[in-house]
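Q: Sharing a structure with you now.
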Amino acid sequence: MTELPVDVLVEYRAEIAAEFEAYFSSITEHIACLDEERARVLDEARSATEAYTRLINTIPLRKDLP
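All the letters of the sequence shown, read from the start, carry residue numbers 22 to 87 under the working numbering.
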């Protein structure tokens, strides 16, 4: 990392801090969105598995199948 003069760091400290805070806030929101979508998809997959299981259990077995 390039060393910056102290006066430059002092002048832009608040702006740099605000940019980092905005970045991490945005990342946090994005991860929360991904977590919500993951939970939704898992619920959907669970429901599909249950429906498939009910379907398979209602189809009678044929005697000629191995």
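Beta carbons are placed, not taken as given, at the ideal position from N, Cα and C, and that holds for glycine.
Roughly how many whole angstroms lie between the Cα atoms of V31 and A38?
A: 11 Å
Q: By the three-class DSSP mapping on this structure, what secondary structure does E24 have?
A: Coil at E24, not helix or strand.
Q: Distance, Cα to Cα, E40 vs T49?
A: CA-to-CA, the gap between E40 and T49 works out to about 14 Å.
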